[in-house]
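Engineer: Mind having a look at this structure? Questions to follow.
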Amino acid sequence: MAKVLTSREENYAQWYNDLVLKSGLAENSAVRGCMVIKPYGYAIWEKMRDELDRMFKATGHENAYFPLFIPKSFFSREANHVEGFAKECAVVTHYRLKTDEESGEIIVDPDAKLEEELIVRPTSETIIWNTYKNWVQSYRDLPILINQWANVVRWEMRTRLFLRTTEFLWQEGHTAHATRQEAEDETTQMVNIYADFAERFLGIPVLVGSKTESEKFAGAVETLTIEALMQDGKALQAGTSHFLGQNFAKAFDVQFTNREGKLDHVWATSWGMTTRMIGALIMAHSDNNGLVLPPRVAPIQVVIVPIYRGNDELPPIAEVANKMKDELTALGISVKFDDRDTQKPGWKFAEYELKGVPVRIAIGPRDIKNGTVELARRDTLEKKVMPQEGISNYIKELLEEIQENIYQKALNFRDKSTHEVDSWDELVDVLENKGGFALAYWDGTLESEDRIKETKASIRCLLKDAEPKEGRCVVSGKPSKQRVVIAKAY
RNA sequence: CGGGGUAUAGCGCAGCCCGGUAGCGCGCGUCGUUCGGGACGACGAGGUCGUGGGUUCAAAUCCCGCUACCCCGACCA
27 MAKVLTSREE
37 NYAQWYNDLV
47 LKSGLAENSA
57 VRGCMVIKPY
67 GYAIWEKMRD
77 ELDRMFKATG
87 HENAYFPLFI
97 PKSFFSREAN
107 HVEGFAKECA
117 VVTHYRLKTD
127 EESGEIIVDP
137 DAKLEEELIV
147 RPTSETIIWN
157 TYKNWVQSYR
167 DLPILINQWA
177 NVVRWEMRTR
187 LFLRTTEFLW
197 QEGHTAHATR
207 QEAEDETTQM
217 VNIYADFAER
227 FLGIPVLVGS
237 KTESEKFAGA
247 VETLTIEALM
257 QDGKALQAGT
267 SHFLGQNFAK
277 AFDVQFTNRE
287 GKLDHVWATS
297 WGMTTRMIGA
307 LIMAHSDNNG
317 LVLPPRVAPI
327 QVVIVPIYRG
337 NDELPPIAEV
347 ANKMKDELTA
357 LGISVKFDDR
367 DTQKPGWKFA
377 EYELKGVPVR
387 IAIGPRDIKN
397 GTVELARRDT
407 LEKKVMPQEG
417 ISNYIKELLE
427 EIQENIYQKA
437 LNFRDKSTHE
447 VDSWDELVDV
457 LENKGGFALA
467 YWDGTLESED
477 RIKETKASIR
487 CLLKDAEPKE
497 GRCVVSGKPS
507 KQRVVIAKAY
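First residue of the first sequence? That's 27 in my numbering, and the numbers climb one at a time after it.
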């Protein structure tokens, strides 16, 4: 087979980049740091979006849309929040272009300067809270459970396709509650939805936990996160859910009259998941032959490739293929019958492997004679000849099996790559040589955390369900109640 | 913004040191043979050598400026 991908072993970052480009998911655009998401990549995003949207709606959320632009002054309201984003936002200063008399070039019209600059949203808390202010008077107006599908812009210094782009697509949920408890429950509920989505749908096992003080979202009281492990042993923050306390309500003056007739500020949450998940999907499962897509996110779940010589051989094959396609479609499976005569079978095999299609069926003259098909699964690269009879139900079950197998494989890898460490040397050994998650006692101080950061790794999270156990901090040797998860991260 | 690198056909590159008017692979088009793992042959199309200036009889090649992109750091979903 012609080599189109750099291998993972040779250069992991290059492998990832090659894969995104060659499989047709996305490419770099004319604008620095921004990508073009191509149809195949966007189809994956649509699958993810539809499933998340379904989960959000099942838990009582509604979609709405807020503006792309946010008045600069809004960012002055919440001091902690602005600290986190102020340095990396795109700012709109003018509203008109004109043709320069001398050069004939298009220039920004200096007379068209905005009185107040507009910020291209890096996230929408400020404009949404400014709006919620008018929506809430009484506890009867609560809760507000809103999600928005949108694009946001963060002027990152270094970008990578899907993992970190200047503009990216995401959903951001913003909820308002009458009580602290209710908002905290919402925060937990949403991080659990993310974890469930990642594991059940994307086949990516995740750790659920809370961020340290220094790693949490600017403006949040607590940030819950799901952390995934990539095949190169680095962690990827895959979704976050923030308990915002009353910070934004106070900054934007969102008060309501509670059941006792007293004025109070509302309690808030926000939570988001982005197109970065496509990057996670790629790095968690794919191999040197290309993408490996879990069936539930695969835009094409089954591809049928005819093998024929001359135009006489095609019609009987097409007949079997189309019948099979109809049966599979009736079972809710997405099927492509690729009868293009512009590409050869071998070319198509390689192409669909690169694109990560979970199941491939090949039908040739031999199969027509024998009533069989050749069936290949992408996750294991196994091929076998099967009878046509009953193939549809077999494939339906096989897709489930592939979904499960991909998840188990990732889970085994994570378990194998998770190490308990009890000293600084052990920690460094894991971070430098082994990769993966290190579970270590930490004394909870910023000093110790900074020391850990000097290794280029960070505390990914404090595990949600960890039972308290006594130990000594690997940095300071001071007493510690719980192990934390440390890893190098994207 | 600091350090390093690159810019030549749609893509990947050679040519530059030592100046003489551009080449290879892939891809693309036509025709034929092929088609159960990225086929083969023949013919063909395609380049103001990033950009502005300078040196020279002559610049992809030497000199100066500019711009863009990539990699490594600080930032980050």
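The beta-carbon is built from N, C-alpha and C at its ideal position, and this holds for glycine as well. Owing to the predicted nature of the structure, the values given are computational and were not obtained by experimental measurement.
(1) Candidates I172, I428, R386 and P93: which alpha carbon is nearest R226's?
(2) Please identify the residue among A204, H291, K276 and A84 whose C-alpha is closest to the C-alpha of H107.
(3) May I ask you to verify whether the stretch 231–239 touches the stretch 249–261, counting CB pairs closer than 8 Å and requiring at least 3?
(4) Looking only at its chain, what residues have a beta carbon closer than 6 Å to the beta carbon of K73, apart from the 5 residues adjacent to it on each side?
(5) What residues in its chain sit with their C-beta under 7 Å from that of R103, if we drop five residues either side in the sequence?
(6) How should I172 be labelled, buried or exposed, when 16 other C-beta atoms within 10 angstroms of its C-beta is the threshold for buried?
(7) Whose C-beta lies closer than 6 Å to the C-beta of K139 among residues of the same chain, with five residues either side of it excluded?
(8) Determine the contact status of I330 and V361, defining contact as a CB-CB distance below 8 Å.
(9) Which class does H87 belong to by DSSP, given the choice of helix, strand or coil?
(10) Which class does M183 belong to by DSSP, given the choice of helix, strand or coil?
(11) Under the rule that 16 or more other beta-carbon atoms within 10 Å means buried, what is V117, buried or exposed?
(12) Take M216 as the anchor and find which of E193, A264 and T185 has the nearest alpha-carbon.
(13) Is the stretch 172–188 touching the stretch 86–99, taking contact as three or more C-beta pairs under 8 Å?
(14) Going along the chain, which unbroken runs of the alpha helix (DSSP H) with 4 or more residues stay wholly within the stretch 258–298?
(15) With distances taken from CA atoms, which of W71, S99 and L488 is nearest I308?
(16) I'd like to check one pair, R386 with A402: are the Cβ atoms closer than 8 Å?
(17) Out of curiosity, what's the CA-to-CA distance linking A52 and G67?
(18) Which residues in the same chain as I333 place their Cβ atom closer than 8 Å to its Cβ, once the five residues preceding and following it in sequence are excluded?
(19) Any idea if D352 is buried or exposed, counting beta-carbon neighbours within 10 angstroms, 16 or more meaning buried?
(20) Can you tell me which of the three DSSP states N43 falls into?
(21) Nearest to N431 by alpha carbon, out of T205, P320 and V146?
(22) Applying the criterion that 16 or more other CB atoms from any shown protein chain within 10 Å of the CB defines a buried residue, is I133 buried or exposed?
(23) Less than 7 Å separating the Cβ of E415 from some heavy atom of the ligand HEM?
(24) Let me confirm a value: E212 is counted as buried when at least 16 other C-beta atoms fall within 10 Å, else exposed. Which label applies?
(25) Please report the distance separating the alpha-carbon of A492 from that of T214.
(26) From what residue to what residue does the alpha helix (DSSP H) around W468 run?
(27) Which one of E496, I421, Q414 and G382 has the shortest CA to CA distance from L407?
(28) What did DSSP end up calling R190 once you bin it into helix, strand or coil?
(29) Cβ atoms of W293 and A209: under 8 Å apart, would you say?
(30) Just to confirm my understanding: we take E114, look at its own chain, exclude 5 residues before and 5 after, and list those with CB closer than 6 Å. What are they?
(31) Tell me the rounded alpha-carbon separation between Q327 and L425.
(32) Cutting at 6 Å between CB atoms, please list the residues of its own chain near R440, excluding the five before and the five after it.
(33) Quick one: what's got a C-beta closer than 8 Å to G50's C-beta in the same chain, skipping five residues either side?
(34) I believe M299 touches Q197 by the beta-carbon criterion, under 8 Å. Please report the beta-carbon distance rounded to the nearest angstrom.
(35) Report the rounded CA-to-CA distance for K442 versus D44, giving the unit in angstroms.
Structural biologist: With the given structure in hand:
(1) When only C-alpha atoms are compared, the closest one is I428.
(2) K276
(3) yes
(4) V323
(5) T152, A277 and F278
(6) buried
(7) Once the five neighbours on either side are set aside, the close Cβ partners of K139 are H120.
(8) yes
(9) coil
(10) Look at M183 here: in three-state DSSP terms it is coil, with no helix or strand label.
(11) An exposed status is given to V117, since fewer than 16 other beta-carbon atoms sit within 10 Å of its beta-carbon.
(12) A264
(13) yes
(14) 273–277
(15) W71
(16) yes
(17) Taking the straight line joining both Cα atoms gives about 6 Å.
(18) I343, P371, A388, I389, G390 and P391
(19) exposed
(20) In the structure shown, the three-state DSSP call for N43 is helix.
(21) P320
(22) exposed
(23) No copy of the ligand HEM occurs in the structure displayed, which carries no ligand at all.
(24) buried
(25) 15 Å
(26) No alpha helix (DSSP H) contains W468, which DSSP labels as neither H nor E.
(27) G382
(28) The three-state reading of DSSP puts R190 in strand, counting E and B together.
(29) yes
(30) Closer than 6 Å at Cβ, skipping near neighbours: R180 and W181.
(31) 8 Å
(32) P231 and L255
(33) Only K64, P65, Y66, G67 and K381 meet the Cβ criterion.
(34) 6 Å
(35) 27 Å
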